[in-house]
Amino acid sequence: MTANALPATVSPNAWQAACRGLANADPVMARIIAAYPGSQLVSRGDLFTTLARAIVGQQISVKAAASVWGRLQALVKPFQATTLHQLGPDQFEGVGLSKRKIEYLGDLARAFTEQPDLAQTLQHLEDELVIARLTEIRGVGRWTAEMALIFALMRTDVLPLADLGLMKAISLHYYDGLPISLAQAKATASIWSPWRSVATWYCWRSLDPEPVDY
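Residue numbers (the numbering used here): 24 to 237.
This is the structure we're talking about:
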């Protein structure tokens, strides 16, 4: 990886090593992994796009988010911070975004326009420092920053406990569908380290016909 590029995917060897480690540590996860051969997390390779897509997807269904995202991409061409930053709020009419999300996307675009090297800077920081930096941007909470860690920066050991899909999958596969606490989810996931991002991806995959993508 060059100093100015983000990885497009986790290397096949690293993914396979993660799957072997998870399967050896956790028989439940072993069954989930076995159900989805030849499938793995793929990154867009662009931190701004991942964050924008995560903001669009906040608190709405995957299907609704995909529809809104498609309209947003049609509006913002090319899809990059400087282009989005030039748009006024009234130009988003018909996209399907709330006023608040339009404001959040504007703040995100401004941050990346004013700090063009932000993505490269974050590559070299520890996960919690990345989260701290990103959550300085209005509209980027911990969950959104964790999606960036997983899908853009390709960090291997992220556990987004605020993610409803992850919590649902842990409940379904480990607790017979019963309600669970954050403490229970964290304890269950402890054996997934240092591959909690990979395990999380398989949890999502077990719930949706299409892989989760930010």
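In this text, a Cβ means the ideal position worked out from N, Cα and C, and glycines have one as well.
Which residue from Ser213, Leu107, Asp186, Gln114 puts its Cα closest to that of Phe135?
Leu107
In the DSSP assignment, find the alpha helix (DSSP H) that holds Ser204 and state where it starts and stops.
Looking at the DSSP string, Ser204 is not in any alpha helix (DSSP H), and its letter there is neither H nor E.
If I measure Cβ to Cβ from Trp224 and keep anything under 6 Å in the same chain, skipping five residues before and after, which residues do I get?
Leu64
With the cut-off set at 7 Å, would you say Arg228 and Tyr59 are in Cβ contact?
Going by C-beta atoms, Arg228 is nearer than 7 Å to Tyr59.
Helix, strand or coil: how does DSSP classify Val65 here?
strand
Quick one: residues in its chain with C-beta nearer than 7 Å to the C-beta of Tyr127, no 5 flanking neighbours on either side, listed in chain order?
Ile78, Arg161, Gly162
Tell me, to the nearest whole angstrom, how far the beta carbon of Met52 is from that of Ala222; I am working on the premise that it is less than 8 Å.
Confirmed, about 6 Å.
Going by other Cβ atoms of all chains shown within 10 Å of its Cβ, with 16 needed for buried, is Gln187 buried or exposed?
Going by the sequence as given, residue 187 is Leu instead of Gln. Burial state of Leu187 is exposed, judged by a 10 Å Cβ sphere holding fewer than 16 other Cβ atoms.
Using beta-carbon positions only, say whether Thr73 and Ala175 come within less than 7 Å of one another.
yes
What first and last residue would you give for the alpha helix (DSSP H) that runs through Leu98?
85 to 98
Check Ser216 in the structure and name its three-state DSSP category.
coil
Going by DSSP in three states, Gly119 sits in which element: helix, strand or coil?
coil
Give a yes or no on whether the minimum CB-CB distance between Ile193 and chain B is below 7 Å.
In the structure shown, chain B does not exist; there is a single protein chain.
For the 8 Å Cβ check, are there 3 or more pairs between the segment 83 to 97 and the segment 113 to 132?
Three or more beta-carbon pairs drawn from the segment 83 to 97 and the segment 113 to 132 are found closer than 8 Å, and the two stretches are therefore classed as touching.
Which listed residue (Gln39, Gly111, Trp215) has its alpha carbon closest to that of Asp180:
Residue nearest to Asp180 within the set Gln39, Gly111, Trp215 is Trp215 (criterion: CA-CA distance).
Relative to the C-alpha of Val118, which candidate in Val99, Leu201, Leu131 has its C-alpha closest?
The shortest Cα separation from Val118 among Val99, Leu201, Leu131 belongs to Val99.
Excluding five sequence neighbours on each side, which residues of the same chain lie with their C-beta closer than 8 Å to the C-beta of Ala191?
Per the sequence presented here, residue 191 reads as Lys, with Ala not at that position. Taken in chain order, the residues that qualify are Leu230.
Does DSSP classify Ile78 as helix, strand or coil?
helix
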